[in-house]
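Colleague: Residue numbers (our numbering): 1188 to 1287. Questions regarding the structure given below will be posed in turn.
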């Protein structure tokens, strides 16, 4: 990534999320006497849930649909080629109207 502003925003949001997780962990340990392993497990599960829910919400709010291979053959070929070169599984491709 070459965009310094984007990197700074991503670092800021990541730091805020980390601080939020730490605050919740401290409240759980100090306020409720929760054992540390349980708090760590809860933190990891919450982060996983937030990732899955956030991804779903972002795709839904953008109105993203499956990118059909019939309509976008060049994109699918390019992705398949890159995935083949890098020994990766082909990702699920989505498309949305962004109004830009």
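The beta-carbon is built from N, C-alpha and C at its ideal position, and this holds for glycine as well.
In the structure shown, what three-state DSSP assignment does residue 1272 receive?
Modeller: In the chain shown, the residue the question calls residue 1272 occupies position 85. In the structure shown, residue 1272 sits in a helix (DSSP, three-state: H, G or I).
Colleague: By the DSSP assignment, the alpha helix (DSSP H) with residue 1239 in it spans what residues?
Modeller: On the chain shown, residue 1239 is found 52 positions in, with the first residue counted as 1. Element bounds for residue 1239: 1223–1249.
Colleague: Give me the Cβ distance between residue 1282 and residue 1251, rounded to the nearest whole Å; I'm assuming they're in contact under 8 Å.
Modeller: On the chain shown, residue 1282 is found 95 positions in, with the first residue counted as 1. On the chain shown, residue 1251 is found 64 positions in, with the first residue counted as 1. 7 Å between Cβ atoms; contact.
Colleague: Could you please give me the residues that DSSP links to residue 1252 through a beta bridge?
Modeller: Sequence index remark: in the chain shown, residue 1252 carries index 65 (1-based). Answer is 1282.
Colleague: Can you find the residues in the same chain that come closer than 7 Å, C-beta to C-beta, to residue 1227, ignoring five residues on each side of it along the sequence?
Modeller: For the purposes of this step, residue 1227 is taken as the residue at position 40 of the chain shown. Excluding residues within five positions, none has a Cβ falling inside 7 Å.
Colleague: I'd like the span of the alpha helix (DSSP H) that includes residue 1214, first residue to last.
Modeller: The count along the chain shown starts at 1 and reaches residue 1214 at position 27. Per DSSP, residue 1214 belongs to no alpha helix (DSSP H) and is neither H nor E.
Colleague: Look at the Cβ atom of residue 1216, then the Cβ atom of residue 1223, and state whether they are nearer than 8 Å.
Modeller: To locate residue 1216, count along the chain shown from 1; it is residue 29. To locate residue 1223, count along the chain shown from 1; it is residue 36. Taking 8 Å as the Cβ cut-off, residue 1216 and residue 1223 qualify as a contacting pair.
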